[in-house]
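Asks:
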Amino acid sequence: MVIFLCAILLSLVSTYSFTEYFSNTQVYKYLFWNSLFLNFKAPWLPGVFGNQAVNGALWTLKIEMCYYFAVPLLFLLFGKNNKYRNISLVILYFLSLIYLNYFESLNKISVAKQLPGTLSYFIPGMLIYFNFDKFIQHKNIIFIIALATVWIDLYLKIQLFSPMMIGAIVMYIAYSFKFLNNFGKYGDFTYGIYIFHFPIIRTFQTLGLFEDYNPFVMALVCMLVVIAVGVSSWHLYEKRFL
């Protein structure tokens with residue numbers, strides 16, 4: 095839905111006329127490739143945002159779709175009946191890191207961020223899931239170690255344990271503050287916020303709202319618009335399919 099909305103509504107901020115815009119083949123390339131979750135093949139629309147990426151968040155959808163297929167396979171290989179699952183997942187984690195760091199060292203960032211490289215951020219969740227009771231029992235000390243480790247990795251400009259520890263930090267926050275557990279009863283607005291925020295922010299920027307008006311006020315207005323669109327997306331569209 096977001097693809098078609100962007101293609102239609104962003105014609106209003108394009109430097110092209112309506113006729114020029116909708117007769118430009120790039121519009122239909124954008125619709126075609128993004129419908130296949132291949133945003134990198136056609137990330138821009140004619141005359142929109144200086145012919146830069148329309149929605150920078152869409153590049154992750156390809157990885158997301160890959161995980162939909164990979165998760166059943168990973169669970170089959172490393173499920174609860176596999177007594178070697180922890181060591182196997184740790185080995186897979188470091189193999190993923192080798193892939194990620196190798197291609198980043200070659201400055202091939204787009205290759206580094208493909209599925210094999212992003213596994214290093216996904217595997218921690220699996221390890222915590224399979225060892226959940228132990229994680230909860232020792233979560234405070236794990237959190238302290240995780241913060242220190244991430245800081246060390248950032249200071250040394252390496253990626254060794256930080257992907258693992260970022261996962262631990264996220265899970266610690268999720269299971270340490272009870273008030274966070276009540277958000278879901280109103281609906282899951284996060285996906286709509288994630289998928290719509292980029293073009294909304296860029297539209298505010300393109301219209302010069304941050305420059306012509308108080309930038310802090312406009313940032314707040316922009317944030318409220320993003321949240322409103324995310325909530326509307328959930329109630330009008332997403333909830334029907336879940």
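For what it's worth, this note's numbering labels the leading residue of the sequence shown as 95, then goes sequentially.
Glycine residues also receive a C-beta, built at the ideal position from the N, C-alpha and C atoms.
1. In chain order, which continuous runs of the alpha helix (DSSP H) of length 4 or greater are located wholly inside the region 102-150?
2. Let me know the alpha helix (DSSP H) ranges lying completely inside the region 186-216, each 4 residues or longer, listed in chain order.
3. Any idea what DSSP makes of residue 318, helix, strand or coil?
4. Residue 182 and residue 171 - do their beta-carbons sit closer together than 9 Å?
5. Helix, strand or coil, according to DSSP, for residue 307 in the structure here?
6. So residue 293 and residue 128 are supposed to be a Cβ contact under 8 Å. How far apart are they, rounded?
7. Would you give the residue range spanned by the alpha helix (DSSP H) that residue 253 belongs to?
8. Could you tell me the distance, in whole angstroms, from the CA atom of residue 272 to the CA atom of residue 219?
9. On the three-state DSSP scale, how would you describe residue 329?
10. For residue 225, which of helix, strand or coil comes out of DSSP?
11. In angstroms with no decimal places, state the Cα-to-Cα distance between residue 212 and residue 289.
12. Whole angstroms are fine: how far does the CA of residue 177 sit from the CA of residue 326?
13. Taking its Cβ as the centre, do 16 or more other Cβ atoms sit within 10 Å of residue 286, making it buried, or is it exposed?
14. For the alpha helix (DSSP H) that contains residue 171, what are its first and last residues?
15. Mapping DSSP to helix, strand and coil, what is residue 95?
16. I'd like to know whether the C-beta atoms of residue 143 and residue 300 end up nearer to each other than 9 Å.
17. Between residue 123 and residue 136, which are expected to be in contact by the criterion C-beta below 8 Å, what is the C-beta distance as a whole number of angstroms?
18. In whole angstroms, give me the CA-to-CA distance for residue 267 and residue 259.
19. Quick check on DSSP: helix, strand or coil for residue 271?
20. Alpha carbons only, please: which of 154, 210, 140 is nearest the one belonging to residue 132?
21. Could you give the first and the last residue of the continuous alpha helix (DSSP H) run that contains residue 296?
22. On a CA-only basis, which of 311, 197, 262 is nearest residue 217? Give me that one, please.
23. Looking at C-alpha atoms only, which residue of 190, 319, 101 is the closest neighbour of residue 139?
24. Within its chain, find whatever has a CB closer than 7 Å to the CB of residue 95; leave out the 5 residues flanking it on each side and keep chain order.
25. Thinking just about the alpha-carbon of each residue, which of 104, 245, 333 is nearest to the one in residue 282?
Replies: The short version:
1. Whole alpha helix (DSSP H) segments, 4+ residues: 112-116, 119-129.
2. Listed in chain order, the complete alpha helix (DSSP H) runs (minimum 4 residues) inside the region 186-216 are 203-206.
3. Residue state for residue 318 is assigned as helix, using DSSP reduced to three classes.
4. Taking the C-beta atoms as reference points, residue 182 is found nearer than 9 Å to residue 171.
5. Three-state DSSP puts residue 307 in coil, outside helix and strand.
6. In fact, because the Cβ distance is near 12 Å, the residues do not count as touching under 8 Å.
7. Unbroken run through residue 253: none, as it is neither H nor E.
8. For residue 272 and residue 219, the distance between alpha carbons rounds to 20 Å.
9. In this structure, residue 329 counts as helix in the three-state DSSP scheme.
10. Reduced to three states, the DSSP call for residue 225 is coil.
11. Spanning the alpha carbons of residue 212 and residue 289 requires a straight line of approximately 19 Å.
12. Rounded to whole angstroms, residue 326 and residue 177 show a C-alpha spacing of 45 Å.
13. Around the beta carbon of residue 286, a 10 Å sphere encloses 16 or more other beta carbons of the protein chains shown; the residue is thus reported as buried.
14. First-last of the alpha helix (DSSP H) with residue 171: 153-172.
15. Residue state, collapsed to three classes: coil.
16. Yes. Within cutoff.
17. That belief holds up - the Cβ atoms of residue 123 and residue 136 are roughly 4 Å apart, short of 8 Å.
18. Going from the Cα of residue 267 to the Cα of residue 259 covers about 12 Å.
19. Note: residue 271 maps to coil in three-state DSSP.
20. Of the candidates 154, 210, 140, 154 places its Cα closest to the Cα of residue 132.
21. Per DSSP, residue 296 belongs to the alpha helix (DSSP H) from 284-300.
22. When each option's Cα is compared against that of residue 217, the closest is 262.
23. Residue 101 holds the alpha-carbon nearest to the alpha-carbon of residue 139 among 190, 319, 101.
24. Setting aside the 5 residues that flank it on each side, residue 95 is surrounded in the same chain by 331, each with a C-beta closer than 7 Å to its C-beta; the list follows chain order.
25. A check of alpha carbon separations from residue 282 across 104, 245, 333 identifies 333 as the nearest.
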